[in-house]
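The listed protein sequences derive, respectively, from chains B and F.
Remember, our numbering sits 87 above the position in the first sequence when you count from 1.
Remember, our numbering sits 61 above the position in the second sequence when you count from 1.
In this text, a Cβ means the ideal position worked out from N, Cα and C, and glycines have one as well.
Data first, discussion second: the structure below is written as structure tokens.
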Amino acid sequence: MTASLTLGPVLFNWPVDRWLDFYARIADEAPVDTVIVGEIVCFKRAPFFAEAMGDVIERLGAAGKTVWLASPILVGSERERAAMRDLVEADAGLVEANDMGALALLAGRPHAVGPTINVYNEATLGWMAERGAVAVSLPAELPAATVAVLARAGRELGIETEVQVWGRAPLAISARCYHARAHGLHKDGCQFVCGKDPDGMPVTTMDGQPFLTVNGTQTMSHGCLCLAAELPALVAMGVSRFRLSPQAMDMVRVAEAFRAVLDGRRDGAEVAAELGGLIDAPLVNGFYHDTAGARRVA
Amino acid sequence: MDNFELICPAGTPAALRAAVDAGADAVYLGFRDETNARNFPGLNFTRQDVADAVDYAHARRVEVYIAINTYPQAGNLGPWQKAVDDAARLKVDAVIMADPGLLAYAAKHHPDLRLHLSVQASAANVEAIRLYRDAFGVRRVVLPRVLTVPEIAKLNAEIDIETEVFVFGGLCPMAEGRCSLSSYATGLSPNKQGVCSPANHVRYEQRGGALASTLGGFTINVFGEGEQAGYPTLCKGRFVATGAGEGSGPAYLFEEPTSLNAMDLLPELKAAGVRALKIEGRQRGKAYIAAVVRAYREALETFAAGRPVPHIDLQAMVEGGTQTTGAYTRAWR
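Okay, here's the thing in structure tokens:
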């Protein structure tokens, strides 16, 4: 199985023009194989992108990318539920489920399982394969030993496994909007303050130590997850898909760098050093090395 | 009208007896290992403890549930499967689980074992709940603390299994079972090891007149002189949100140190079709459990008799001295 690169959905609330420019450049220049699109963090943001979504999908498809559609992470309200059902029923492309409700609706037809669905062991992976999952993007907190077991089981089951190798790690989701709360607003009257922070709102400790990133209802790591140096080991385990999660930076350059490592043209550690200079956050890989996710293990 | 069932926590045999004696309809507990989401030192039950607990409870017509609600480790499913086997052998009344692979195991090997879906599965919509029912025969779902009461009512109108909701105790502001904050700071997570903000990664430091609490080296809170210091649970800490506007200093960004108390919502929860009410706190002592269970039993009996729900003072029992109705009312929206 050849190693492929996936560009995950944009998780931040970017202005539509920026979002369109981003995907136009991805279509034209980024050596990624699959692009996953969809507003998965906040239902309130979705209408901004709905109109342009068709064009983006068409543009990416015309450029030879495989386009998948992502379902929302948290589906509680009736409106969220209706949107989830519409996405599945529209059948406009392979859907990546990010909630068990979407997984339920996708039973019996090929689908992908996103990183916010809990797949921690081979028994659950097998259950998902039986129901039609063709690819599973593993949760960020899984250590190497677990990834190895799941990648091996996945090969036996005919299900591709994916690991996030770049971008801030998604850590939590809530019904509450922390962007609104930090600005003294309610979620219903949020004024879309999350749009002020194209890379999320930095959260520091009371000592001023950078710690987390708030992205509306989602909480992410401050550190940027980077497994460039670990790529050869992941490939050897049988992981076949590698996810880059968009940050407000030159993602074409990130994709080129990771492609070069996968092709054996560049050294992973060297790529990590280069990319680390492009984002205002330390690189972290602690989850993979079975320690605190905020740490970097050399 | 059937009364609510009152589901109460126990981390020790003494707490179990306290809960039974104070009026629990069922007590939930865990084995002493990483198979349950309150895997704290000195807490939980050996197999013999569970056998004794079942004897004590069943003799008083109280049920016992076992939480096996962490996510089994890849390549090491044995301890979780054995926990399910032992729960069935020990004749507990229900097993509370979250992992689909483990639910499938239980459904296949112990078809008579009653399965409840743990809050750690975070099933927040009709489609997700029906999936667990259809695939594994789950009979009850413990709802995540992200839904409003009207949303719970709509949900109950469309599903045909029981719902259980948290009414008192610690409150996760994040969707349960979908949170890696503790793991990010310490390497230990609720899903994998059954711990959140674990005590062996906590330090307290005196800084002049102030007391700082840290978790995994990150400062979670700093308490001034005279301020009551609390445990540094990550999501209940004070942090600084950069760019949140003029004069935005350290604040409880996610949630204040507060406790859920939904006693005032009993009529709404009944109208919403909720079957069982759950009290959080397997890590709590027997005196706490006795007091909270007794208060809720009194409230339920009064409510069932058609009288107004009394205001029972539980202020001494709540974290940080404050109470909230969490997501149930529209305060989060």
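query                                                                                                                   : result
Chain-ordered chain F contacts of B:A379 [CB-CB under 7 Å]                                                              : Y245, A246, T247, G248 and G277
Residue-level contact to chain F via CB, B:P285, 8 Å cutoff                                                             : no
Sequence-distant residues of its chain with Cβ nearer than 7 Å to F:S250 (five each side left out)                      : S241, S243 and S244
Within-8 Å CB hit, B:I260 to chain F                                                                                    : yes
8 Å CB neighbourhood of F:I222 in its chain, flanking five on each side removed                                         : I190, R194, V199, R200, R201 and V202
Partners in chain F for B:A227, counting only beta-carbon separations shorter than 7 Å                                  : S241
Sufficient close CB pairs (3 or more, under 8 Å) joining the region 282-293 of chain F to the region 238-252 of chain B : no
Nonlocal neighbours in the same chain, by C-beta distance under 7 Å from F:Y166, ignoring five residues either side     : Q142 and V145
F:Y126 in three-state terms, based on DSSP                                                                              : strand
F:P74 at chain B interface by Cβ criterion, 8 Å                                                                         : no
8 Å Cβ cutoff, B:E243 in contact with chain F                                                                           : no
One or two residues paired with F:E225 in a DSSP bridge                                                                 : F:V203 and F:A337
Any chain F beta carbon closer than 8 Å to B:Q296                                                                       : yes
Boundaries (first-last residue) of the beta strand (DSSP E) holding B:A222                                              : A220 to S224
Within 7 Å of chain A by C-beta, residues of the region 196-230 of chain F in sequence order                            : No chain A appears in the structure shown, which is made up of the protein chains B and F.
Buried or exposed by the 16-neighbour rule on C-beta atoms within 10 Å, applied to B:P159                               : buried
Cα-Cα separation between F:P369 and F:M324, rounded to whole angstroms                                                  : 11 Å
Any alpha helix (DSSP H) of 4 or more consecutive residues that is wholly inside the region 78-128 of chain F           : 108-120
Selected residue, minimal CA-CA separation from F:Q267, among F:N261, F:E286 and F:L327                                 : F:E286
Which of helix, strand or coil DSSP assigns to B:A41                                                                    : Residue coverage of chain B in this structure runs from 88 to 385, which leaves residue 41 of chain B outside it and unanswerable.
Short CB-CB distance (under 8 Å) between F:A236 and chain B                                                             : yes
C-beta atoms of B:A315 and B:F345 nearer than 8 Å                                                                       : yes
Positions along the region 143-169 of chain B whose CB lies within less than 9 Å of some CB in chain F                  : I160, L161, V162, G163, S164, E165, E167 and R168
Sequence-distant residues of its chain with Cβ nearer than 7 Å to F:L327 (five each side left out)                      : A360, F364 and V370
Close beta carbons around B:E209, own chain, < 7 Å, minus the five adjacent residues each side                          : V236, L237 and A240
Own chain partners of B:L192 with C-beta closer than 6 Å, once the 5 adjacent residues on each side are dropped         : V175
Chain F contact for B:G188 (CB, 8 Å cutoff)                                                                             : yes
Cβ shell of F:A112 (< 6 Å), same chain only, five flanking positions each side left out                                 : L151
Boundaries (first-last residue) of the beta strand (DSSP E) holding F:V268                                              : Per the sequence shown, the amino acid found at residue 268 of chain F is Arg instead of Val. It spans V263 to R268 - the beta strand (DSSP E) in which F:R268 sits, taken as one unbroken run.
C-alpha gap between B:T211 and B:I204, whole angstroms                                                                  : 11 Å
Spatially closest choice to F:H372 from F:I350, F:N322 and F:A182, by CA coordinates                                    : F:N322
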